[in-house]
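This note's numbering puts the first residue of the sequence shown at 18, with every later residue one more than the last. Note that CB positions come from ideal geometry on N, CA and C, so glycine has one too. The structure displayed is predicted, hence computed values, not measured ones.
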Amino acid sequence: MEVGDFSPAEAVELLAKRVAGIDATIAERIADLLGHLPLAIEQAVGYLRQSKMPPAEYTTLLEGRLGDMLGRGRVAGRPRVTVANLWDLSMARLRDESPAAGELLELCAFCAPDPIPLDLITEGIKGLAVRLSRPTIRCPAR
Numbered sequence: 018m019e020v021g022d023f024s025p026a027e028a029v030e031l032l033a034k035r036v037a038g039i040d041a042t043i044a045e046r047i048a049d050l051l052g053h054l055p056l057a058i059e060q061a062v063g064y065l066r067q068s069k070m071p072p073a074e075y076t077t078l079l080e081g082r083l084g085d086m087l088g089r090g091r092v093a094g095r096p097r098v099t100v101a102n103l104w105d106l107s108m109a110r111l112r113d114e115s116p117a118a119g120e121l122l123e124l125c126a127f128c129a130p131d132p133i134p135l136d137l138i139t140e141g142i143k144g145l146a147v148r149l150s151r152p153t154i155r156c157p158a159r
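Laid out in structure tokens, this is it:
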């Protein structure tokens with residue numbers, strides 16, 4: 018089933034309902050920057066809730082990243098909108114907070130949609146564990 022873009026009001030309403038205390042002007046700006054795309058709005062909500070980043074700061078980051086994306090050319094016929102932009106923001110934060118977790122996520126993304134051999138992770142866990150700021154990876158016993 019194809020899902021169309023949200024109307025501006027629908028996009029702002031979703032942000033307002035899901036992000037506590039978001040200013041209406043900031044919600045409108047985020048919605049506009051994301052082209053009212055439902056998946057992009059949902060990912061923005063998830064990012065804001067998970068990171069606890071102030072929405073105004075997120076808007077500034079998003080505006081800066083859109084410039085980077087526009088420099089790469091048109092994205093899916095939407096020169097000002099891309100879901101990949103949100104992914105890049107999330108990955109940049111993850112790499113800053115836990116480089117090893119970022120590496121693990123990139124490995125999983127690279128292997129998708131195929132099953133990931135457990136040996137690939139368990140054999141490399143020693144290298145990842147050295148770079149972890151806190152132990153967050155748990156591998157099942159063999």
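Report yes if the C-beta distance between residue i and residue j is below 7 Å; otherwise report no.
i	j	result
A28	A41	no
L79	L54	no
How big is the Cα-Cα spacing for residue i and residue j?
i	j	result
L122	T77	26 Å
A118	Q60	19 Å
L65	I58	11 Å
C125	V36	29 Å
D136	P25	47 Å
R46	E140	46 Å
Just to check my reading of the structure: residue i and residue j have Cβ atoms closer than 8 Å, yes? What is that Cβ distance to the nearest angstrom?
i	j	result
D22	G52	7 Å
S68	R110	6 Å
Leaving out five residues before and five after residue i in sequence, what residues of the same chain have Cβ atoms less than 6 Å from its Cβ?
i	result
G38	none
A44	V29, L32, A33
R97	With a pLDDT of only 44 at R97, under 50, the local geometry of the prediction cannot be trusted, and no value is derived from it.
P130	none
Counting only the same chain and skipping the five closest in sequence on each side, list residues whose C-beta sits under 7 Å from that of residue i.
i	result
D105	R82
P134	none
S107	Y64
V20	P55
Does the beta-carbon of residue i, which I'm using as the reference point, lie nearer than 6 Å to any heavy atom of the ligand NAP?
i	result
A73	As for the ligand NAP, it is missing from this structure, which has no ligand bound.
Just to confirm my understanding: we take residue i, look at its own chain, exclude 5 residues before and 5 after, and list those with CB closer than 8 Å. What are they?
i	result
C128	L137
G94	In this prediction, G94 has a pLDDT of 49, which is less than 50 and means its spatial position is unreliable; what the coordinates show is noted afterwards. The answer is none, since no qualifying residue turns up.
Legend entry - the segment 64 to 78 / the segment 32 to 52 touching (three or more Cβ pairs under 8 Å): yes
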